[in-house]
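J.: I have a structure I would like to understand better, so I am pasting it below and will then ask my questions one at a time.
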Amino acid sequence: PKVLNAGEDAGTLTAEGAEYLDPEGDLEAGIPMCPPEGDAGTGMVATNSVKVRTGNVSAGTSFFAMVVLEKSLKKRHEELDMVTTPDGSPVAMAHCNNGTTDLNGWVNLFKEYEEAKGNKVDMGQLYWVLYNKALEGDKNCGGLLAYNYNAGEAITGLNEGRPMFIRTPDAKFTLANFMRTHLYASLATLKIGCDILFKEEKVPVDMLYGHGGFFKTKGVGQKMLAAAMNAPVAVMTTAGEGGPWGMAILAAYMLKGKGTDLAAYLADKVFGSDAGEVVNPDPADVKGFDEYTDAYRKTLPAQEAAGKLFTI
Numbered sequence: 150p151k152v153l154n155a156g157e158d159a160g161t162l163t164a165e166g167a168e169y170l171d172p173e174g175d176l177e178a179g180i181p182m183c184p185p186e187g188d189a190g191t192g193m194v195a196t197n198s199v200k201v202r203t204g205n206v207s208a209g210t211s212f213f214a215m216v217v218l219e220k221s222l223k224k225r226h227e228e229l230d231m232v233t234t235p236d237g238s239p240v241a242m243a244h245c246n247n248g249t250t251d252l253n254g255w256v257n258l259f260k261e262y263e264e265a266k267g268n269k270v271d272m273g274q275l276y277w278v279l280y281n282k283a284l285e286g287d288k289n290c291g292g293l294l295a296y297n298y299n300a301g302e303a304i305t306g307l308n309e310g311r312p313m314f315i316r317t318p319d320a321k322f323t324l325a326n327f328m329r330t331h332l333y334a335s336l337a338t339l340k341i342g343c344d345i346l347f348k349e350e351k352v353p354v355d356m357l358y359g360h361g362g363f364f365k366t367k368g369v370g371q372k373m374l375a376a377a378m379n380a381p382v383a384v385m386t387t388a389g390e391g392g393p394w395g396m397a398i399l400a401a402y403m404l405k406g407k408g409t410d411l412a413a414y415l416a417d418k419v420f421g422s423d424a425g426e427v428v429n430p431d432p433a434d435v436k437g438f439d440e441y442t443d444a445y446r447k448t449l450p451a452q453e454a455a456g457k458l459f460t461i
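Going by my numbering, the residue at position 134 of the sequence shown is 283; the numbering climbs one at a time, nothing skipped.
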């Protein structure tokens, strides 16, 4: 099959294909087909981030950011992948193997503590309490540092990973700083990749759209991401929708979007006035996250050594 842009005619389902997919005969030959997309393309559509100078961040058990570019990057970067929007615009992607798994492990430890006292635990409430406690922490986490590396990361050049939490002897070891450092740790590798885009390549971005479990506790993950990226972050009412919904939109666009570019179709026919809830970066948070990331980079050799030496 040829590579096609969104909205183009990708043929029709043949009689042989219909029988193969559905021997019972409910699918009929002649159904129109649209160009297929994988998770990256459908995620852009589902988050309304196919327009130049927008991007989306998927944040769950793995993290990735995709930013639609005005022009090509100045040079190749091993830390970044190049993809396109469904309608062919260039997109830079920073992908992280690790996400919230380590953070969730710490939350479950607090759950066990409550259960050991005989208390029944509401996990939604527990996440709300711990995540919001992080907002009270020092902007640079007060001398605490964590790595969420259950696996290696290409962005930081590590083949192995070990979840790690360390602190200086005089660190401000509080619950607020502890939770903040683990929220930061979930984003730190992504920030290192995106800093190449925003600081080195000077790529402009007007809005990032967040989706995934990291944003389930309202406002907290969004505020942390805005600090990490130094960019506004919106979370839309459709943030829980994923690839299948994005693919369905692309199918509708092929049928009904003739003569309209994809970004305009999404704006007019799908999302309308839903701009989402937007959080702008707090300069103090941005400065604190930069300081945290500097320490994170400098201490990467300790993470690398742990991956090589700590085995059972």
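Every residue gets a Cβ at the ideal spot worked out from N, C-alpha and C, and that includes glycine.
(1) Going by beta-carbon coordinates alone, are GLU309 and GLU453 separated by less than 9 Å?
(2) Can LEU252 and SER198 be called in contact, C-beta distance under 9 Å?
(3) Looking at C-beta atoms only, is the number of pairs between the segment 396–416 and the segment 347–356 that lie closer than 8 Å three or more?
(4) Do you know offhand how far VAL152's Cα is from LYS220's?
(5) Which stretch, first to last residue, makes up the beta strand (DSSP E) that contains MET313?
(6) Assuming ALA195 contacts LEU294 (C-beta within less than 8 Å), just tell me the rounded distance between them.
(7) Please determine, among GLY254, VAL384 and GLY179, the residue with the shortest C-alpha to C-alpha distance to ASP423.
(8) Considering just the uninterrupted stretch of the beta strand (DSSP E) at SER211, what are its terminal residues?
(9) Please return the same chain residues whose Cβ sits closer than 7 Å to the Cβ of LYS288, not counting the five positions on each side in sequence.
(10) Could you give the distance in angstroms between the alpha-carbon of ASP175 and the alpha-carbon of GLN274?
(11) Please report the Cβ distance between ALA320 and GLY291, rounded to the nearest whole angstrom; I am assuming they are in contact, meaning their Cβ atoms lie under 8 Å.
(12) Which class does SER207 belong to by DSSP, given the choice of helix, strand or coil?
(13) What ranges does the alpha helix (DSSP H) occupy inside the segment 216–289, keeping only unbroken runs of at least 4 residues that lie completely in it?
(14) Please report the residue range of the alpha helix (DSSP H) in which VAL435 lies.
T.: Straight from the coordinates:
(1) yes
(2) Against a cut-off of 9 Å, the Cβ pair of SER198 and LEU252 comes out as no contact.
(3) These segments do not touch.
(4) 21 Å
(5) 313–316
(6) Contact flag wrong, Cβ pair sits at about 34 Å.
(7) Proximity to ASP423 across GLY254, VAL384 and GLY179 peaks at VAL384, based on C-alpha coordinates.
(8) No beta strand (DSSP E) holds SER211; DSSP gives it neither H nor E.
(9) ALA433, ASP434, LYS436 and GLY437
(10) So the two alpha carbons sit approximately 45 Å from each other.
(11) Confirmed, about 6 Å.
(12) Three-state result, SER207: strand.
(13) 250–265 and 272–283
(14) 432–447
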